[in-house]
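There are 2 protein chains.
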Amino acid sequence: MNIYDISEKAGVSIATVSRVLNGSSRVSPKTREHVLAVMAEQGYVPNAFARGLGLKSMKTIGLLCPNAGDPYLALAITYLERAFRANGYDCLLSCTGKARSDRVKGVELLLSKLVDGMVLMGSTFLEANESGNKYLQNAAKRVPLVMLNAAYACENVYCVVCDDYRATMEATQSLLDSGRKNILYLYHSRNASGQKKLAGYQAGLQSRGLPIRDDLIHFFAEDKMSVPAVRDFLLSLAHQGLTFDAVLSSEDILSVGAAKYARVSRRSVPESLSIIGYNNSSFALCCEPELTSVDNKLEVLCNACVSTMLSVLSGKDAPQKTVYHAELVKRGSTL
Amino acid sequence: MNIYDISEKAGVSIATVSRVLNGSSRVSPKTREHVLAVMAEQGYVPNAFARGLGLKSMKTIGLLCPNAGDPYLALAITYLERAFRANGYDCLLSCTGKARSDRVKGVELLLSKLVDGMVLMGSTFLEANESGNKYLQNAAKRVPLVMLNAAYACENVYCVVCDDYRATMEATQSLLDSGRKNILYLYHSRNASGQKKLAGYQAGLQSRGLPIRDDLIHFFAEDKMSVPAVRDFLLSLAHQGLTFDAVLSSEDILSVGAAKYARVSRRSVPESLSIIGYNNSSFALCCEPELTSVDNKLEVLCNACVSTMLSVLSGKDAPQKTVYHAELVKRGSTL
DNA sequence: CTCAACTTTGTAAACGCTTACGCAAATTAT
DNA sequence: ATAATTTGCGTAAGCGTTTACAAAGTTGAG
């Protein structure tokens, strides 16, 4: 059952059938009705493979997400999809996992489906700057790339980022200026964004004349990214005699773990321990008192991604790099 | 950049290039290496639509998710994707939003991108049973549909569910059997799964000879699904004089809200108030004490979805309905 | 060396659709 | 009434693959 069968049964040419399919105006209402009737009667469904071959644009944007399980990225997906849809674009999402080969596959999968552009989420993609990672350059030759929370200078690649460095620095300064001396820094990701945050923390310390102490900086791998794991880790740190009066972290959930540590070791928040989280997610509201958290304006960033993409696709030029400032949302966990 | 360009640059015919693409054995190793090298160098990605025109399958599964922002569904995405990928299938995700028109669009989008099958996540899709919702039947005529956590009897539709009714009933009974009398039931979703949970709660009460009291059953809309909102709501309930000694809910986050209510009103958990959550998500570990929660075996369910889909696609027959039992994970929030 | 059998590669015809182009017929303008 | 324009439709040329079939090349036995 194809367009030829329909054209024959309807007594018209395949071009007319195709025009009916595509809602072209160059068909008389009478013919249109007739062809539609025949299609309905025959239960005809156009073959999308063939369709895609002919069309140049599918009005589809590919979203590449390294980890859909991350609530922060999941939220980004929601925002991006909503905004693209509102502008007449469908989204195709490929959640690849963090391994490089998976990401390459994800990019190729989306390209093979002829997306008009791609949004790459999360700075896991940043290693494209490294030599030998040509897959992004190649992708950029075919369609515009917009990177969310990652910076990458290349033709046809556009970046939308939040200034994590400055945000973490300001959070650190805010803790110091409220009288804290020993700020524990907990982080999860060693990617570009993670490194910027860490650098911000260090810059914050130095801006107030304090040294960078390695014993205050701790990394949490994927399997340690849970509230109990962080709680237990801080308990053991305290047990070993480490003194700290504030915790700053790169993800809210780490700070929730810190809050739980405070609870079980009967340290009052914020009097005895100040805590600041990052992302201002729903985790920040789980604690008592609620967590002060860095809001990095995810929705704003996503909307910027979309408008950048739309500009590029419509031939207008767009800024290669768009930077937003994060905002420290103060709640009960800090003085 | 197409197969002709590659064939030209590699000095072979398009047939040979195609054979390399498809891993055909009828190519000499030397030629294969050479062609692969040229493809890599040129960043060539085959056009999936042209491909699909010849082959009949794109080796791609569509995942339909009503809300990627929901950590529970986000986790499901991760599990599904991992398992499909391990079996040679790519995944395409469409996060539609909950509105019916969005879901219809999502289904059509995936069909138009030529997926070999679709997994529909979350029982928001259940309303397909209602009259006039033919889009699922139509989709099922084209590709097999596997529904995760939703039941729907129809040709070419397969269901994988957890027995929410029984799980909620057992959780209720467990509370009653530990001496609780007045169990507050908080729920978010009115979809099929939500109704089963509610019915399970009611059945649990009746199995112990207790009446169903409307003043103990409370619905939380999307915008009330936050810890502070639930906390405040329970505070106001208590202020109005309602007595309750346990909280059971349809989502962990609602129970976190209950825990926070307990905290601010100085009721001890579990002595004065028992709390049970649902989904056994990371939220359950945020509280002190940690929440007892119903673990509905998401990973097991997802794997069942994948193996069901693979069976159907390979022509074997698969069970129309697969049911797993949830498990009550006891932690500190219950006696 | 010859011929058969097998391996490797190439040619060309689908696959089902879109669309540029062209020609009638219908409509409007002159 | 004739010319100019618009409308409706058909023809045919792609779109980028796959694959049947054919051709050419290779190997080994006689």
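One line per chain: the protein sequences are A and B, in this order. Using this note's numbering, you'd call the opening residue of the first sequence number 904 and step up by one each time. Using this note's numbering, you'd call the opening residue of the second sequence number 904 and step up by one each time. Where a beta carbon is used, it is the ideal one built from N, C-alpha and C, also for glycine. Quantities reported herein were computed from a predicted structural model and do not represent experimental measurements.
Asked                                                                                                                 : Found
Run of the alpha helix (DSSP H) containing Val920/A, from where it starts to where it stops                           : 917-924
Close beta carbons around Arg1045/A, own chain, < 7 Å, minus the five adjacent residues each side                     : Leu1014
The region 1003-1022 of chain A / the region 1219-1229 of chain A touching (three or more Cβ pairs under 8 Å)         : no
Bounding residues of the beta strand (DSSP E) (the contiguous stretch that carries Tyr1055/A)                         : Element bounds for Tyr1055/A: n/a, residue is neither H nor E.
At least three beta-carbon pairs within less than 8 Å, the region 930-943 of chain B to the region 954-967 of chain B : no
Pick from Val1130/A, Asp1148/A, Asn1199/A that is closest to Glu1193/B, judged by C-alpha positions                   : Val1130/A
Neighbour-count burial assignment, Glu1058/B, 16 or more Cβ in a 10 Å radius                                          : exposed
Alpha-carbon to alpha-carbon, Leu1078/B and Cys1065/A                                                                 : 47 Å
Cutoff 7 Å: Phe952/A Cβ touching any chain B Cβ                                                                       : yes
Interface flag, Leu1138/A vs chain B, CB-CB below 7 Å                                                                 : no
Separation of Ser916/A from Gly972/B, as counted between CA atoms                                                     : 48 Å
Contacting residues, own chain, Cβ-Cβ under 8 Å from Gln945/B (five flanking each side not counted)                   : Met904, Asp908, Ile909, Lys912
Proximity below 7 Å, CB of Tyr1038/B to CB of Thr1071/B                                                               : no
Straight-line gap, Tyr1055/A to Lys1127/A (C-alpha atoms, nearest Å)                                                  : 30 Å
Closest Cα partner of Leu1113/B within the set Ile1086/B, Ser1196/B, Ala1074/B, Tyr992/B                              : Ile1086/B
Nearest-angstrom Cβ-Cβ length linking Glu1303/A and Tyr1181/A, presumed shorter than 8 Å                              : This structure cannot speak to residue 1303/A, because chain A is shown only from 904 to 1238.
Pick from Ala1106/A, Ser1217/A, Asp1198/A, Ala1141/A that is closest to Ile1179/A, judged by C-alpha positions        : Asp1198/A
Assumed close pair Lys1084/A, Asp1148/A - CB separation to whole angstroms, cut-off 8 Å                               : 6 Å
Unbroken alpha helix (DSSP H) run spanning Lys1163/A, endpoints                                                       : 1155-1167
Min CB distance Arg1006/B to chain A below 7 Å                                                                        : no
First through last residue of the alpha helix (DSSP H) which encompasses Cys1205/B                                    : 1201-1216
Counted within 10 angstroms of its Cβ, other Cβ atoms place Ile1115/B as buried (16 or more) or exposed               : exposed
Interface partners of Glu1191/A on chain B, CB under 7 Å                                                              : Lys1163, Arg1166, Val1167
Inter-residue spacing [alpha-carbon to alpha-carbon] between Ala1207/A and Ser1214/A                                  : 10 Å
Within chain A, the residues that Leu978/B reaches when beta carbons sit closer than 7 Å                              : Gly972
Buried or exposed by the 16-neighbour rule on C-beta atoms within 10 Å, applied to Lys1099/A                          : buried
Per-residue burial, Thr1146/B [other beta carbons within 10 Å of its own, 16 or more giving buried]                   : exposed
Candidates Val1060/A, Gly1160/A, Thr1195/A, Ser1177/A: closest to Ser1185/B by CA position                            : Gly1160/A
C-beta neighbour in chain B for Lys1016/A, strict 7 Å                                                                 : yes
Short CB-CB distance (under 7 Å) between Gly955/A and chain B                                                         : yes
Cα-Cα separation between Gly1249/B and Asn990/A, rounded to whole angstroms                                           : Outside the shown range of chain B (904 to 1238) lies residue 1249/B, about which nothing can therefore be said.
Met1072/A - containing alpha helix (DSSP H), residue span                                                             : 1067-1080
Residue closest to Tyr1090/A, alpha-carbon to alpha-carbon, out of Ile1156/A, Tyr1061/A, Gln1076/A, Arg1111/A         : Ile1156/A
Chain B within 7 Å of Glu984/A, Cβ atoms only                                                                         : yes
Closer than 7 Å at the beta carbon, the chain B residues around Asp993/A                                              : Leu1012
Sequence-distant residues of its chain with Cβ nearer than 7 Å to Ala1031/A (five each side left out)                 : Below a pLDDT of 50, predicted positions are generally treated as unreliable, and Ala1031/A, at 46, falls in that range; no measurement from the model is reported.
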